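Residue numbers (my numbering): 80 to 168. For each residue, glycine too, the CB sits at the ideal point set by N, CA and C. All figures in this text were calculated on a predicted structure; none of them were measured in a lab. See structure below.
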């Protein structure tokens, strides 16, 4: 499980990743690209996260390249949310 992302965030992201990638399940250590993801799927994923999780433009396409595992991406998303709440973004 992820070190700092809450379980609900991890579950929601896992569902979105599975939907976009066309797989049944995604584990925290799974890599987006190793599961068959590519740039067009990454665009679709970022868009779905922004829409369904209420994340704004602070989430970038490059984030999936920098944080390609579900756990790392969830931690990053959690950090973005905390930064936004504290007014740091």
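Enumerate in chain order the residues of its own chain whose CB-to-CB distance from residue i is below 8 Å, with the five nearest sequence positions on each side excluded.
i, result
"residue 91", "131, 132"
"residue 99", "116, 120, 123, 124, 127"
"residue 169", "In the structure as shown, the chain begins at 80 and stops at 168. Residue 169 is therefore absent and cannot be evaluated."
Ends of the alpha helix (DSSP H) at residue i?
i, result
"residue 142", "141-145"
"residue 123", "118-132"
"residue 84", "Careful: residue 84 lies outside any alpha helix (DSSP H) and carries neither H nor E."
My understanding is that residue i touches residue j, with C-beta atoms under 8 Å, so please give their C-beta distance in whole angstroms.
i, j, result
"residue 157", "residue 85", "7 Å"
I'd like the list of long-range same chain contacts for residue i, defined as Cβ closer than 7 Å, with 5 residues on each side in sequence excluded.
i, result
"residue 81", "Low local confidence applies: a pLDDT of 41 at residue 81 is under 50, so the model's placement there is unreliable, and no value is given."
Would you identify the three-state DSSP class for residue i, choosing helix, strand or coil?
i, result
"residue 91", "helix"
"residue 160", "helix"
Closer than 7 Å to a non-hydrogen atom of the ligand NAD - does that hold for the CB of residue i?
i, result
"residue 113", "Of ligands this structure carries none, so the ligand NAD is not represented either."
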